[in-house]
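To start, the structure under review is shown below, and the notes come after it.
Protein chains in written order, with my numbering: chain L, 1 to 440; chain G, 1 to 618.
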């Protein structure tokens, strides 16, 4: 890095670098696409926008590819900055917004494509998963633009949409999210892409997405499990168990894997390891490299002030000998939990592996209703070690280690991918499932 | 005997009272079967109901119980093991030992689920069991014979399809060596805690079994689901697929050295020259001594080492072993890297009926006493007996088995040996049981496992944390986490209880945990044996074993490592590691808590009620 400005902004640069890399890893950019921006107070107290340079490789950002612009007037850096700087500047002017990010969230974009003649307003996207409902709302706006990149239309419409929504979709192009921090904007893009991935996986499984949408829209509290906690922009650096070096490493490793293997979108899910009186708890389990999350030491005893997520971890430990608990949002599993066998009317209560390794690890994996009480979830975990809650993600446990719990959603994702692939190819799952599965 | 209501069991317990010279068949209580499964669980339940834990372990009031499991006699992989429980003459607390081979499977086919032997005979006897019947017979002609001679003599009645299998003791058991073993199929052994001395005190030389009874399976499809899963996973895991077949347990030698856990010179350090370790490695054994691998009943792993070695007096000897524990405890722990000498000492120990682990630990203790000048020339009686003296290692085996010369002191085990020379701190034991071949300073869970093992320092009863560090795959756990160790080792102990209670090999744990077993046991019995229920059985057996020990006089103070491990560090990955007394205290306190025991390590009344343990059933 060179120049006094860079020395002053090293932390910010690292954050851009890390989130840029992360966005490539979760496949929401191409090599040069996307851009991100934050608004901050500069070294001399000036109102400043920091934005990625146009065409820069977000996976490998260099110091010179981050531009510092006046938020109030055009300066030289404008010509190097992203072609969508105008959009960012207007988004960043919205009350409470400190960051905005644009990415090619392909799963979400594909899920919003239609073949109606344009120009026309495409339908808005209605998610069917708990994360998007909670964090993005019941409707995600979608707009078609004649010039869908860097155009004045975009600069006018996107901020309007983001005034009312956390994220908006540019038809056939990508999405823009706002945030109180760059991480929150990235989080929203990841959650949006996940919402698209869930719908896409359902479509591939021939699930009647319209029916599921109607069910969710009619009563999200019934069709989805308890909502996840709001996204917290503070406290990511907190680490209550620095002295437990090995466990810390395990958490970091598991966090990377969850994120990179798409077992849960950025900063979603949770994981814990129990001690005797304490639970080491990561409430943002999906953590890319160089982007951490809080690592908390919580009393194991239940507390009325516990949020719903940590309360489930505690309940599992209180009723079992398990050493570790993990909760992930695996898009393919969320979709598989809505799968209806041909000739039947209700979603299946189990996922039966059809692949060799999956079927040896798990003869079946239970799918529980969204309102499953903790006691019932724990019973299922005792028996199967992993369970899918329809509209509520995947819960898994380990008897010895965190990595044991991690293996379960990872294995489940593969199991679901094989099933999805078989249905796509027109194969009859019933005929592929082990004959005995009905009895397990 | 009416039909037993639970498939997988015969519903019969054979009770031999050697004082009265009588045998009788008693019904197995169905609730005991369901609550304790079989093997280790059933054995401790029956033992607890049979004896006063405060009894003299070498007196007629002690008893031993060998129990089989509902999986034995089915196609479940490795399900042919038996588990023996008794009060240990070495430790004064619970003694349990587990053995493979084929005796356990044949015993089950003889029509019994468990054998209880109590009392003591005035003259040598053997118990002959066949087809639901048994008799006590004189064994005068066998007394004094080695285990091989005894086995070969009694097994000669074998017929095609109806083999006779023999458990027996050698001279070490007859001479009440406190760590005498019971031999099984010649070279398999019930080794730890001195069961051979208990047999010797009862003048019981052997138990021969024959039989053809089948084990019923209630739900073959469910059983098959678990079986297929288990076999598949065993074919996948490197340890069960290749390592143990190619190198035997000796394959661990280099691995354990690699992670600075291979003990040296009576646990004074873990510093070896790599070329020395290579001389006693599994690879070297495979290249130089191995004739073929072998397997226990229904075992696809095949870790047995059938070896040959040059005899001391010329010629060639053949036998089984050495295993990892034997190599390290008779070898590097004594500063010895002579694989042939270790192998010969192993052969002699098997023939004479000694536990090679306790023997190695005791010799290492003697060597340190010698180097510190506490064992003088006169006591050493011509042996150099310093670290590295392979000749002494070999020479002391028969002396110990026959309690001759210095061997009489060694026959008491390391704790009494060191105490006798005024340096009890030089005995590397927990509850007087010699520590296995994994230095506890290199793994906190293993340290806690030794501390809390119901039988004293045992890597199998205490929880085999080592496997997690090297072969555990997804179950790998941190080695130095005070926070995670108590629960990790509790869960490992419970898994071990389950495996021992199912009559299966611990090595299956390298490939899978409880799930396939839950399906198989559910399939055999037709009952719901969910993982939660198996977890509960683990906790129940652990609590009952603890009760036994408390009644035998053990206290929380006994759950501690020798001072050396708190005071003298070893270097692991560049860091000095020890298990300080404070760390031991914290782990012990937390362990009691996760077990539901009070601060003194006593299972609470509430826990006993919740686990339906109840009082002694006589």
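Ideal placement from N, C-alpha and C gives every residue a C-beta, glycine not left out. Computed from a predicted structure; not experimentally measured.
Comparing the C-beta of residue i with each C-beta of chain G, is any distance below 8 Å?
i, result
"residue 358 of chain L", "no"
"residue 401 of chain L", "yes"
"residue 188 of chain L", "no"
"residue 382 of chain L", "yes"
"residue 323 of chain L", "yes"
"residue 247 of chain L", "yes"
"residue 363 of chain L", "yes"
"residue 7 of chain L", "In this predicted model, residue 7 of chain L has a pLDDT of only 45, less than 50, meaning its place in the structure is not dependable; the value taken from the coordinates is given anyway. Closer than 8 Å: no."
"residue 278 of chain L", "yes"
"residue 273 of chain L", "yes"
"residue 260 of chain L", "no"
"residue 208 of chain L", "no"
CB-CB under 8 Å to residue i, same chain, minus the five flanking residues each way: which ones, in chain order?
i, result
"residue 147 of chain L", "153 and 154"
"residue 422 of chain L", "354, 429 and 432"
Within 8 Å (strictly less), CB to CB, does residue i reach chain L?
i, result
"residue 535 of chain G", "yes"
"residue 1 of chain G", "Bear in mind that a pLDDT of 45 at residue 1 of chain G, under 50, signals an unreliable position, so the number given afterwards is only what the model happens to contain. Judged by the 8 Å Cβ criterion, residue 1 of chain G is not in contact with chain L."
"residue 504 of chain G", "no"
"residue 483 of chain G", "yes"
"residue 448 of chain G", "no"
Using CA atoms only, rank isn't needed, just tell me which of the options is closest to residue i.
i, options, result
"residue 219 of chain G", "G:69, G:527 and G:533", "G:527"
"residue 239 of chain G", "G:480, G:508 and G:606", "G:508"
"residue 310 of chain G", "G:324, G:339, G:332 and G:326", "G:339"
"residue 308 of chain L", "L:256, L:368, L:333 and L:373", "L:373"
"residue 53 of chain G", "G:464, G:93 and G:134", "G:93"
"residue 593 of chain G", "G:130, G:490 and G:505", "G:490"
"residue 447 of chain G", "G:199, G:243, G:578 and G:202", "G:578"
"residue 130 of chain L", "L:404, L:413 and L:394", "L:394"
"residue 173 of chain G", "G:334, G:349, G:342 and G:83", "G:349"
If you drop the 5 nearest sequence neighbours on each side, which residues of the same chain put their C-beta closer than 7 Å to that of residue i?
i, result
"residue 86 of chain L", "155"
"residue 108 of chain G", "68, 72, 73 and 215"
Per DSSP, what kind of secondary structure is residue i in: helix, strand or coil?
i, result
"residue 427 of chain L", "coil"
"residue 573 of chain G", "coil"
"residue 416 of chain L", "helix"
"residue 266 of chain G", "coil"
"residue 527 of chain G", "coil"
"residue 67 of chain L", "strand"
"residue 161 of chain G", "coil"
"residue 168 of chain G", "strand"
"residue 1 of chain G", "Low confidence applies to residue 1 of chain G: its pLDDT is 45, below 50, so where it sits in the model is not reliable enough to give any reading."
"residue 454 of chain G", "strand"
"residue 175 of chain G", "coil"
"residue 312 of chain G", "coil"
"residue 237 of chain L", "coil"
"residue 86 of chain L", "helix"
"residue 606 of chain G", "helix"
"residue 28 of chain G", "coil"
"residue 385 of chain L", "coil"
"residue 111 of chain G", "coil"
"residue 279 of chain L", "strand"
"residue 304 of chain G", "strand"
"residue 143 of chain G", "coil"
To the nearest angstrom, how far is the alpha carbon of residue i from that of residue j?
i, j, result
"residue 123 of chain L", "residue 524 of chain G", "57 Å"
"residue 285 of chain L", "residue 259 of chain L", "8 Å"
"residue 603 of chain G", "residue 318 of chain G", "48 Å"
"residue 396 of chain G", "residue 572 of chain G", "33 Å"
"residue 534 of chain G", "residue 376 of chain G", "53 Å"
"residue 386 of chain G", "residue 402 of chain G", "22 Å"
"residue 277 of chain G", "residue 262 of chain G", "9 Å"
"residue 1 of chain G", "residue 160 of chain G", "For residue 1 of chain G, the pLDDT reaches just 45, beneath the cut-off of 50, and the residue's location in the model is therefore unreliable, although a value from the coordinates is still provided. For residue 1 of chain G and residue 160 of chain G, the distance between alpha carbons rounds to 28 Å."
Please list, in chain order, all residues of the same chain as residue i whose beta carbon is under 6 Å from its beta carbon, the five residues on each side excluded.
i, result
"residue 3 of chain L", "Confidence at residue 3 of chain L is low in this model, with a pLDDT of 42, below 50, so its placement is unreliable and no value can be given for it."
So does residue i have its beta carbon nearer than 7 Å to some heavy atom of the ligand ADP?
i, result
"residue 137 of chain L", "As for the ligand ADP, it is missing from this structure, which has no ligand bound."
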